[in-house]
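Enquirer: Okay, handing you the structure first.
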Amino acid sequence: MRERGVKIGVSAKIGKASLQRFYERTEQGLFQTHPDGRWLCVNPALARLYGYESSEALRRACPNRYHLDADPTYRETFLRAMQADGTVQRFEVSVRPRDGGVRWTAETVWAIRDETGGILCYEGIVEDITHAKQEEARLDLQAHHDSLTQLPNRKLFLKRLEETLALAGQEGRRVAVFFVDLDHFKKINDTLGHAAGDRLLQKLTALLKSCLSTDDTLARLGGDEFTAFLPEVASAEDAIGIAQQWLDLLAHPIPLIPGHELLATVSIGVSLFPDHGREAATLLRHADVAMYKAKQQGRNRFQLFSTSLHIREYERLI
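224 is the number of the first residue of the sequence shown in the numbering used here; add one for each residue after it.
Right, here's the structure in full:
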């Protein structure tokens with residue numbers, strides 16, 4: 224019996240030592256925290272993920288796990304999930320490492336409870352998914368934004384406009400939609416080249432954005448066509464005021480290539496929700512009709528949509 228007891232004791236020591244080596248050497252972040260967020264244990268891999276040279280350095284500099292969160296709502300969301308299930312699987316959270324940047328992690332966490340069901344601590348595994356999130360963001364940018372100007376594309380523009388119109392309908396707000404077309408863009412490309420044309424589109428983007436607020440949306444549909452919407456306007460005069468600001472800005476020559484300036488003009492069509500339609504596609508089409516009327520009248524001007532305009536355009540199409 225004595226010999227068997229000695230063997231069991233040795234085996235337990237070996238198992239504990241092996242577990243300790245795994246804890247210290249694994250590349251996965253492992254931790255144990257008090258329910259209030261204080262570290263109880265943290266392995267070197269997790270300390271390195273957060274930008275610290277050792278577990279001790281992390282615990283000295285940041286004694287509470289929640290202090291690392293880049294998103295202040297993380298703690299409440301995490302605790303609600305834990306209370307509901309007692310565990311969370313691949314819970315994604317943004318954290319601020321030692322260098323002050325932002326990293327993304329996926330956490331799998333479970334609660335350790337006492338015999339009465341009270342939570343003693345949380346244990347978990349942390350994986351660095353920053354690269355995957357960056358790639359996801361890059362693909363999303365490609366799918367929903369124009370590569371030249373970085374503006375939203377048609378798909379994202381219509382999605383945002385539809386969401387805005389749904390709220391505006393409930394709240395009784397007016398929304399202004401613009402269709403902006405650069406005049407004589409083909410001549411610019413043919414005479415100055417496509418590189419100069421691209422620079423002009425980028426400069427035009429900056430000019431158009433300068434008159435808009437952060438709540439407004441500007442998009443490039445393709446070629447020389449831009450569109451925008453203001454989520455709230457008091458009247459048609461507000462929308463016309465923005466169109467006039469754009470025309471005024473473009474009255475000044477634009478530096479395009481070294482030693483050369485270009486006087487560019489645009490034709491602008493404007494439609495209003497709910498006056499000229501209640502759906503995103505309809506409002507965009509009506510702004511387009513108004514823009515073509517502005518071109519017919521000599522370009523370098525704006526035109527507000529009206530029902531009579533729509534009838535004449537339909538008759539012309541027939």
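Think of the CB as a built atom: it goes at the ideal place given N, C-alpha and C, for glycine as much as any other residue.
(1) Quick one: is Asp447 buried, meaning 16 or more other Cβ sit within 10 Å of its Cβ, or exposed?
(2) Could you tell me which of Val349, Gln425, Ala284, Leu532 sits nearest to Arg313, measuring between CA atoms?
(3) Helix, strand or coil: how does DSSP classify Arg227 here?
(4) Just how far apart, CA to CA, sit Tyr289 and Phe401?
(5) Take the Cβ of His483 as the centre, count every other Cβ of all protein chains shown within 10 Å, and call the residue buried at 16 or more, exposed below.
(6) Throw me the rounded Cβ distance for the Thr310 and Trp333 pair, which I believe falls under 8 Å.
(7) Could you check whether Leu423 and Ile491 sit closer than 9 Å to each other, using their CB atoms as the reference points?
(8) Taking the alpha-carbon of Asp511 as reference, which of Thr328, Leu532, Asp498 has the nearest alpha-carbon?
(9) Could you tell me which of Ala474, Pro481, Leu470 sits nearest to Ala517, measuring between CA atoms?
(10) Going by C-alpha distance, which of Thr488, Gly500, Ala418, Gly260 is nearest Leu405?
(11) Closer than 7 Å by C-beta to His499: which residues in its own chain qualify, once you throw out the five before and the five after it? Chain order, please.
(12) Considering Cα atoms alone, identify which of His417, Leu444, Phe449 is closest to Leu427.
(13) Are the CB atoms of Tyr466 and Phe525 nearer to each other than 9 Å?
(14) CA-CA distance, Ala270 and Ala280?
Expert: Considering the structure as presented:
(1) Reading the sequence shown from its first residue, position 224 is the one you call residue 447. The C-beta of Asp447 has 16 or more other C-beta atoms within 10 Å across all chains shown, which makes the residue buried.
(2) For this step, residue 313 is matched to residue 90 along the sequence shown. Out of Val349, Gln425, Ala284, Leu532, Val349 has the C-alpha closest to the C-alpha of Arg313.
(3) In the sequence shown, counting from the first residue as 1, residue 227 sits at position 4. Residue placement at Arg227 is poorly supported in this model, since its pLDDT is 49, which falls under 50; the coordinates are not used for a value here.
(4) Counting from 1 along the sequence shown, the entry for residue 289 is found at position 66. Counting from 1 along the sequence shown, the entry for residue 401 is found at position 178. Straight-line Cα distance between these residues: approximately 45 Å.
(5) Position 260 of the sequence shown, counting from 1, holds the residue named residue 483. Result: exposed.
(6) Sequence index remark: in the sequence shown, residue 310 carries index 87 (1-based). Sequence index remark: in the sequence shown, residue 333 carries index 110 (1-based). About 4 Å; that satisfies the 8 Å criterion.
(7) Counting from one through the sequence shown, the residue named residue 491 turns up at place 268. Counting from one through the sequence shown, the residue named residue 423 turns up at place 200. The Cβ atoms of Ile491 and Leu423 do not sit closer than 9 Å to each other.
(8) On the sequence shown, residue 511 is found 288 positions in, with the first residue counted as 1. Considering only alpha carbons, the answer is Leu532.
(9) The residue you call residue 517 lines up with position 294 of the sequence shown. Check the Cα spacing between Ala517 and each of Ala474, Pro481, Leu470: the tightest is with Leu470.
(10) For the purposes of this step, residue 405 is taken as residue 182 along the sequence shown, with counting starting at 1. Measuring from the Cα of Leu405, the nearest candidate turns out to be Thr488.
(11) The sequence position of residue 499 within the sequence shown is 276, counting from 1. Same-chain partners within the cutoff: Leu506, His509, Phe528.
(12) As a first step, residue 427 is located in the sequence shown; it is residue number 204 there, counting from the start. When each option's Cα is compared against that of Leu427, the closest is Phe449.
(13) As a position in the sequence shown, residue 466 is number 243, starting the count at 1. As a position in the sequence shown, residue 525 is number 302, starting the count at 1. Checking the sequence shown, residue 466 turns out to be Ala, not Tyr. Against a cut-off of 9 Å, the Cβ pair of Phe525 and Ala466 comes out as a contact.
(14) Against the sequence shown, residue 270 aligns to sequence position 47. Against the sequence shown, residue 280 aligns to sequence position 57. Rounded to whole angstroms, Ala270 to Ala280 spans 8 Å at the Cα level.
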